[in-house]
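> Numbering (the numbering used here), first residue to last: 35 to 596.
Just so you know, even glycine gets a beta-carbon here, dropped at the ideal spot from N, CA and C.
Predicted model only: the values in this text are computed from it and were never measured.
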RNA sequence: GCGCCGUUAGCUCAGCUGGAUAGAGCGUUGGUCUACGGAACCAAAGGCCAGGAGUUCGAAUCUCUUACGGCGCGCCA
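(1) CA-CA distance, residue 353 and residue 234?
(2) State the start and end residues of the unbroken alpha helix (DSSP H) segment that holds residue 72.
(3) Here's a check: name, in chain order, each residue in its chain whose Cβ is nearer than 7 Å to the Cβ of residue 225, leaving out the five neighbours to either side.
(4) Can you tell me the Cα-Cα spacing of residue 510 and residue 451, whole angstroms?
(5) Examine the Cβ distances between the segment 182-189 and the segment 329-336 and report whether three or more of them are shorter than 8 Å.
(6) Just to confirm before moving on: does the CB-CB distance between residue 268 and residue 149 stay below 7 Å?
(7) Of all the options 521, 564, 519 and 425, which has the alpha carbon lying nearest to the alpha carbon of residue 474?
(8) With 16 other CB atoms within 10 Å as the buried threshold, where does residue 520 fall?
(9) Distance, Cα to Cα, residue 249 vs residue 257?
(10) Between which two residues does the beta strand (DSSP E) containing residue 150 stretch?
(11) Straight-line CA distance for residue 499 to residue 557?
(12) For the beta strand (DSSP E) that residue 399 lies in, which residues bound it at each end?
(13) Does DSSP classify residue 120 as helix, strand or coil?
(14) Just to check my reading of the structure: residue 171 and residue 151 have Cβ atoms closer than 8 Å, yes? What is that Cβ distance to the nearest angstrom?
(15) Determine the direct distance from the alpha carbon of residue 533 to that of residue 147, and round the result to whole angstroms.
(16) Residue 180 and residue 587 look like a contact to me (Cβ under 8 Å); what is the Cβ gap, rounded to whole Å?
(17) Assign residue 311 to one of three DSSP states: helix, strand, or coil.
(18) Out of 527, 348 and 213, which has the shortest C-alpha to C-alpha gap to residue 375?
(19) Per the contact definition of three or more C-beta pairs closer than 8 Å, is the segment 297-304 in contact with the segment 236-251?
(20) Is the segment 533-542 touching the segment 456-476, taking contact as three or more C-beta pairs under 8 Å?
(21) Can you say whether residue 100 is buried or exposed, counting buried as having 16 or more other CB atoms within 10 angstroms of its CB?
(22) Using a 10 Å radius around the Cβ and a threshold of 16 neighbouring Cβ atoms, would you call residue 384 buried or exposed?
(23) Do you know offhand how far residue 117's Cα is from residue 525's?
(24) What are the partner residues of residue 131, as DSSP defines its beta bridges?
(25) Counting along the chain, where does the alpha helix (DSSP H) carrying residue 46 start and finish?
(26) Should residue 137 be labelled buried (16 or more other beta-carbon atoms within 10 Å of its own) or exposed?
(27) Which word fits residue 61, buried or exposed, when buried means at least 16 other C-beta atoms lie within 10 angstroms of its C-beta?
(28) For residue 584, name the three-state secondary structure that DSSP assigns.
(29) Can you check whether the CB of residue 546 is closer than 7 Å to the CB of residue 485?
(30) Going by DSSP, which residues form a beta bridge with residue 406?
(31) Could you check whether residue 412 and residue 360 sit closer than 7 Å to each other, using their CB atoms as the reference points?
(32) Terminal residues of the continuous alpha helix (DSSP H) containing residue 201?
(33) Do the segment 355-372 and the segment 387-403 meet, that is, are 3 or more Cβ pairs less than 8 Å apart?
(34) Can you find the residues in the same chain that come closer than 7 Å, C-beta to C-beta, to residue 539, ignoring five residues on each side of it along the sequence?
(35) Less than 7 Å between C-beta atoms, sequence neighbours within five positions excluded: which residues of the same chain meet that for residue 561?
(36) So what's residue 161 in DSSP terms, helix, strand or just coil?
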């Protein structure tokens with residue numbers, strides 16, 4: 035039940051509605067003060083009384099009942115203490131009856147949310163710079179589905195541009211089919227790096243690359259075949275990582291997919307009088323909106339990034355009729371998104387307001403920015419492998435008899451990589467270090483998974499527990515834990531609203547901490563009474579359920595034992 | 001130069017739409033248990049919330065400004 039609403043409806047403040055009161059109610063910083071509080075300061079103006087007087091008069095009119103046990107006026111705050119037994123009973127009942135659906139909702143009503151994320155570049159190996167978009171997008175994808183939306187995952191492949199001309203040029207110069215077939219993208223990566231090194235002293239190579247790219251566009255059979263081959267190799271390579279991270283896509287329509295869908299967009303812009311010539315290029319002037327112009331066509335008539343993104347947005351609207359279309363892309367591209375969103379708006383697309391750039395911070399190495407061309411990158415697969423390796427070593431040491439060590443190590447290692455990427459606000463920059471990802475202590479997924487394993491172990495020892503009854507007097511640990519579980523559904527909502535999966539990660543750690551305190555201070559299996567034991571088991575089960583649901587939204591599995 | 005973002009404990013970060021004494025983890029120091037999994041728990045030390053001004057009953061939170069850092073500003077994506 036909604037306690038804030040319940041309290042608000044039982045208060046009588048003239049000229050202030052129950053909704054307004056409910057919105058003011060907060061949780062006090064110290065549970066000793068109460069479970070809910072109404073700060074009366076804002077009411078002072080409308081009621082024309084001092085906050086202290088308001089709190090006191092509201093308190094005098096308030097009659098306690100079986101739900102709200104006590105109201106108390108303290109320095110302008112009106113503090114309420116709920117009937118904790120009833121509250122905890124409600125929470126447990128809800129979690130246990132809803133099970134894997136606890137926290138879920140049908141509020142989305144099946145509306146479509148397109149999510150553009152991961153968006154790998156052909157012929158480049160997946161590195162840690164791609165981790166944020168992939169893992170953020172995948173989490174948002176799951177969260178949206180959990181809330182009843184229909185998420186459509188789109189991997190907007192970077193499969194178009196002069197760099198593929200460079201690659202063909204490099205392959206023709208030094209490539210070996212067998213070698214590339216065997217080494218896959220790493221071989222392509224090397225060719226690409228080598229090409230750039232050589233091009234520094236042989237600028238004429240740039241022209242050659244441009245010529246090759248033009249051949250791809252003109253569908254020259256040989257170049258196209260090579261290009262398709264490179265694409266296939268890349269997708270095969272990246273599939274391993276997606277498999278590990280449990281990431282899926284509904285569409286792989288990338289940049290080249292839109293190569294024949296841009297002309298109508300340009301035509302529409304022209305018809306609507308938005309296009310303007312400037313320095314030989316075709317632009318949309320955005321000066322009125324304090325932005326630099328958006329370039330639609332280069333002076334040689336070829337298209338640009340913005341043109342393709344507009345074609346893609348229109349295509350997505352026509353194909354999926356989305357309610358929202360999200361772009362999980364680093365903040366580096368803030369301006370680009372602002373610009374083409376604005377151009378679509380100027381074209382009279384009412385849905386332009388439904389396009390959202392979900393921006394996140396940049397990843398760098400301790401020695402500076404990453405660069406595929408220069409070759410200083412950290413490949414994600416290496417990171418994941420090292421994490422799994424370390425997890426395996428620890429599991430083997432702590433639990434040598436475990437049968438499925440590989441499986442457990444995989445869940446733990448991969449979990450650490452994902453959780454590390456989803457623990458802080460997405461906008462923060464990240465300086466990658468192996469020390470950090472390989473640290474399994476403190477506020478980490480490993481701590482949360484360990485907590486689950488503990489809970490599991492207790493539940494398995496208990497066997498089938500009979501019905502439980504919430505005791506009349508609860509320990510602080512029991513109550514705090516139950517309240518943390520109660521926060522899950524609204525945390526999922528706000529994670530969806532703000533596109534911030536880290537809210538869920540944070541709650542996982544909070545719940546785990548509260549469970550461990552409870553576990554340490556309250557005996558479960560050896561509780562002094564049978565009903566108390568059953569209640570604590572129910573609380574343990576509810577904790578495990580909530581953590582499992584929360585972690586699964588992030589893409590992290592929960593091993594039974596570890 | 002202009003624009004966007006960031007700045008909170010030694011380090012990495014939370015802090016809900018302005019509310020009561022600013023919180024975690026790591027690190028440091030010292031503890032807890034005959035243990036339902038010690039990958040745990042507790043405690044101590046550590047803060048001019050980058051500086052300044054304002055808004056009001058009240059500001060880490062809102063406004064302005066300065067400093068420092070990151071990113072972006074026409075034919076790359």
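Once the coordinates are examined:
(1) Each residue's alpha carbon lies about 44 Å from the other.
(2) Not the alpha helix (DSSP H): residue 72 falls in the beta strand (DSSP E), residues 70-73.
(3) Correct list, in chain order: 201, 204, 205, 208 and 209.
(4) If you draw a straight line from the Cα of residue 510 to the Cα of residue 451, it comes to about 34 Å.
(5) Not touching, per the Cβ criterion.
(6) Pairing residue 268 with residue 149 gives a Cβ-Cβ distance that is not under 7 Å.
(7) For residue 474, the nearest C-alpha among the options comes from 425.
(8) Burial state of residue 520 is buried, judged by a 10 Å Cβ sphere holding 16 or more other Cβ atoms.
(9) Approximately 7 Å between the Cα atoms of the pair.
(10) Unbroken beta strand (DSSP E) run through residue 150: 146-150.
(11) Distance from the CA atom of residue 499 to the CA atom of residue 557, rounded to whole angstroms, is 16 Å.
(12) For residue 399, the uninterrupted beta strand (DSSP E) segment begins and ends at 397-399.
(13) Looking at residue 120 - three-state DSSP - the assignment turns out to be helix.
(14) About 2 Å separates the beta carbons of residue 171 and residue 151, which is inside the 8 Å limit, making them a contact pair.
(15) Taking the straight line from one Cα to the other gives about 12 Å.
(16) Contact between residue 180 and residue 587 holds: their C-beta atoms lie close to 6 Å from each other, under 8 Å.
(17) Shown here, residue 311 sits in a strand according to DSSP, grouped into three states.
(18) Of the listed residues, the one whose Cα sits closest to residue 375 is 348.
(19) No: the two stretches stay apart, fewer than three of their Cβ pairs being nearer than 8 Å.
(20) Yes, the segment 533-542 touches the segment 456-476.
(21) Per the 10 Å Cβ criterion, exposed.
(22) With fewer than 16 Cβ atoms within 10 Å of its Cβ, residue 384 is classed as exposed.
(23) Computed Cα separation, rounded: 23 Å.
(24) Paired residue(s): none; residue 131 is not in a bridge.
(25) From DSSP, residue 46 is part of no alpha helix (DSSP H); its letter is neither H nor E.
(26) Residue 137 comes out buried.
(27) Exposed, because fewer than 16 other Cβ atoms sit within 10 Å of the Cβ of residue 61.
(28) Residue 584: helix per DSSP, three-state reduction.
(29) Between residue 485 and residue 546, the C-beta gap is smaller than 7 Å, which places the two residues in contact.
(30) According to DSSP, residue 406 bridges with nothing at all.
(31) Taking 7 Å as the Cβ cut-off, residue 360 and residue 412 do not qualify as a contacting pair.
(32) For residue 201, the enclosing alpha helix (DSSP H) has its first and last residue at 196-208.
(33) Touching, per the Cβ criterion.
(34) Non-local C-beta neighbours of residue 539 in its own chain, meaning closer than 7 Å and more than five positions away in sequence, comprise 453, 456, 457 and 588, ordered along the chain.
(35) For residue 561, the CB contacts under 7 Å within the same chain, skipping 5 residues up- and downstream, are 567 and 570 in chain order.
(36) Note: residue 161 maps to strand in three-state DSSP.
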